[in-house]
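A quick write-up on the structure given underneath.
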Ligand SMILES: Cc1cc2nc3c(=O)[nH]c(=O)nc-3n(C[C@H](O)[C@H](O)[C@H](O)COP(=O)(O)OP(=O)(O)OC[C@H]3O[C@@H](n4cnc5c(N)ncnc54)[C@H](O)[C@@H]3O)c2cc1C
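Chains as they are written, first to last, in our numbering: chain A, 6 to 388; chain B, 1405 to 1796.
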């Protein structure tokens, strides 16, 4: 039993923590979010120089060859500072999919560019009707001679405004919600027929609705018709990443709330001296500990490719969603009127937690996946 | 044991429905619902109510109120909420007017009450201060008597809609020598007085409603004091238990729940309506069952009042449960909106995104966090219930 980080992982954690404390004070973050695309290009370059953008990539492409623990460490620290740079979209999702399925040539072209901080990417999977069912895809991919052509629309594409390239999930065969017949395509954002409508999310990050009209793709990622199987482990890595991010945000909220309750005085005493509030803060602390435990459980299982991996991951996503809501709601409540303002960071953390809850499916949705998994008799599960 | 409405009550219900069908039209709803034109919308709505004689139903008839029974008030509120029409903003009609009627001078009644009825004045409430929230009695804003004027220095915070108001009613400190509840005075202050400034507070719902109001040597004539100097706390407290008939807002919550149910029905996940999702169905119906209970708790409280018992600390429970249910419904609606609950659609993107309700859902969710904070936080309400209802 060893829950300690390696020396390298500790170094990464400490360097991100330092970055956050130097660059992500409340006013600094507001300034970053107000920038074009909602993040700082300068910070992104700094991430490249510090090697953070290389961490999940294989060594043969100039990466660090990191695993789930490394991802956890990075995303958790980012969560504590509510870091706005699009690590999830560009590195985890876009980069993860390239690494998992792109041709050697495409990987050699683009992964080094991601690592150098020169390429922004986004993963466009969601459609307006699909809700949380990622297989519910009507964007069409048709073959015109040797060339694949896309038609359709994708919504809430994170980092869709800044992305130079997208990976688009489209249907080349099969029924609307079938797993088979989905394919991933690399599309240049400046291709003819691509239109993007860019907007902000409540936590300040940018997203876009993309429409495709006879858009010629740059490359197929993975085998045709096999996109869903290819993306599933990458989306699972991203689930782990956002839960780590959520944990960081919850820890920060708990610290801020605790600090506030120790200093805010009413009736001549610190409000933290009221038992009614003390019990609530204990519950917030407990919820955070639960998320941390399931995160470590899921990370360890993912690292060892354990049979428990998926069960732990689904449990984690449920818990992170519920705990995030509890902690977010209580943080506002215990701050009283101050919690309602944009003059403290509380509301921004709460918004990030709410977005994370809905990403890739909310707590209720994941609980149903969890139920389907654990309630299936072992014999038929094996079949 | 009978909760059926009488013939007269049924006739009244028909009258209310007819009035609302005409008076609360789509155009007015849109004006009121838009932050840029909300003030106009509120004034127009109040004016229509005024012409019907219903803008201040709880006032004594002699000042322009009605003689509605408790049941009639209940019917009116239910019907109003069912069509989505708002309650009249409480600061003038309910809050300051109750104090003026109970403790004001004849001159104050003559001056202010007609103007409130006709929406000629917009009032805001200046109680809370940066250091005095739940512990309101520790307020510090000073009022020093100089001849026939009080000179005010200090600030008020969380003042809802102060940016629209031309009058503010304040609790101020005129004496700090005794108990903190003593030495508090109730003043009516013209917002146009020199030395009053208003600062907007940006809030998490992105909607400007909160403000901080600063007073720098503001002079207020003594005739604008309510009752006696140093009795302000007593006056304000009586106002707090006053007119809490609608505090649980059950009727609005019922209406909101119906809306969420219909939105969820349209929401399809993997070919299945969200309403058929067992987890969602449980959450929705848990709320509905609690709402059914609360509706009758409210009716029981109303019946007690109509039998002549004054509204008591029981209203705290109505407030706690009412706001918890409002918040649960708001949260559920966010989950119906799924990904779109996190997008800032506003005017930025075409309604083409679908899920047009997501924007409203999100604003209501974040604004709704405040309902368990203002008007005495839910923790403070629980303290009151523990002490005065349970005797702990
Ligand atoms: C949207 C909004 C509109 C408002 N409008 C107005 C207005 O128009 N005019 C006006 O005067 N005020 C207004 N208020 C102010 C409101 O009344 C105060 O916010 C409220 O009294 C709480 O005070 P506070 O914000 O200072 O929080 P605090 O009193 O500092 O409370 C912080 C936390 O401590 C808890 N707490 C405090 N005391 C106790 C205790 N004894 N036991 C257990 N828990 C406790 C509270 O419940 C809360 O969770 C408004 C507030 C909001 C949010």
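Note that the Cβ used here is the ideal one computed from N, Cα and C, for glycine as well. Note that the structure is a prediction, hence the values are computed from the model and not measured.
- At a beta-carbon threshold of 7 Å, the residues of chain A lying near residue 1684 of chain B are 369, ordered along the chain.
- Nearest CB-CB separation between residue 1743 of chain B and chain A: below the 8 Å threshold.
- Taking each of B:1546, B:1422, B:1571 in turn and checking the Cα distance to residue 1578 of chain B, the smallest one comes out for B:1546.
- In the structure shown, residue 1577 of chain B falls within a strand segment according to DSSP collapsed to helix, strand and coil.
- Look at residue 1595 of chain B here: in three-state DSSP terms it is coil, with no helix or strand label.
- The CB of residue 130 of chain A never comes closer than 9 Å to any CB in chain B; the least such distance is about 11 Å.
- Following the DSSP letters along the chain, one finds residue 1734 of chain B inside the alpha helix (DSSP H) bounded by residues 1719-1741.
- Looking at the DSSP output, residue 216 of chain A shares a beta bridge with A:158, A:200.
- Taken from the Cβ of residue 1527 of chain B, every heavy atom of ligand 1 lies 7 Å or farther away.
- Under the Cβ criterion of 8 Å, residue 161 of chain A is counted among the residues facing chain B.
- Membership of residue 117 of chain A in any beta strand (DSSP E) is not indicated; the residue belongs instead to the alpha helix (DSSP H) covering 109-120.
- Within the segment 1763-1787 of chain B, contact with chain A at the beta-carbon level (separation under 9 Å) is assigned to 1766, 1769, 1770, 1771, 1773, 1774, 1776, 1777, 1778, 1781, 1782, 1783, 1786, 1787.
- The alpha-carbon separation between residue 1679 of chain B and residue 1689 of chain B amounts to approximately 10 Å.
- Of the candidates A:368, A:209, A:285, A:112, the residue whose Cα lies closest to the Cα of residue 1683 of chain B is A:368.
- A straight line joining the alpha-carbon of residue 62 of chain A with that of residue 103 of chain A spans about 10 Å.
- Taking residue 1563 of chain B as reference, the option from B:1550, B:1555, B:1537, B:1541 with the minimal CA-CA separation is B:1537.
- Each of B:1461, B:1423, B:1742 was checked against the Cα of residue 1502 of chain B, and the nearest Cα belongs to B:1461.
- Using a Cβ-Cβ cut-off of 8 Å, residue 1463 of chain B does not count as an interface residue toward chain A, since no Cβ of chain A sits closer than that to its own.
- Here residue 206 of chain A carries a strand assignment [DSSP, helix/strand/coil].
- Between residue 1622 of chain B and residue 1600 of chain B, the alpha-carbon positions lie close to 7 Å from each other.
- Taking the beta carbon of residue 1539 of chain B as reference, the chain A residues within 9 Å of it are 270, 271, 272, 273, listed in sequence order.
- Counted as a single uninterrupted DSSP element, the alpha helix (DSSP H) harbouring residue 49 of chain A occupies residues 46-54.
- The continuous beta strand (DSSP E) containing residue 1554 of chain B extends over residues 1553-1561.
- Judged by DSSP secondary structure, residue 238 of chain A falls within the alpha helix (DSSP H) whose first and last residues are 232-268.
- Residues 44, 48, 49 of the same chain have their beta carbon placed closer than 6 Å to that of residue 90 of chain A, with the five preceding and five following residues left out of the count.
- Rounded to whole angstroms, residue 1774 of chain B and residue 1732 of chain B show a C-alpha spacing of 13 Å.
- The C-beta distance from residue 200 of chain A to residue 216 of chain A rounds to 5 Å, short enough to meet the 8 Å contact threshold.
- At least 8 Å separates the beta-carbon of residue 1778 of chain B from that of residue 1735 of chain B.
- For the segment 1555-1567 of chain B, residues whose beta-carbon sits nearer than 8 Å to a beta-carbon of chain A comprise 1561, 1562.
- Note on geometry: alpha-carbon atoms of residue 329 of chain A and residue 84 of chain A lie some 12 Å from one another.
- Nearest CB-CB separation between residue 97 of chain A and chain B: not below the 8 Å threshold.
- The Cβ atoms of residue 1433 of chain B and residue 1496 of chain B lie no closer than 8 Å to each other.
- For residue 1435 of chain B, the enclosing alpha helix (DSSP H) stretches over residues 1430-1437.
- In this structure, residue 1726 of chain B lies near residue 1653 of chain B, with their beta-carbon atoms less than 8 Å apart.
- In this structure, the alpha-carbon of residue 1528 of chain B lies about 44 Å from that of residue 322 of chain A.
- Cβ-Cβ separation between residue 279 of chain A and residue 259 of chain A: approximately 17 Å, too far for a contact (criterion under 8 Å).
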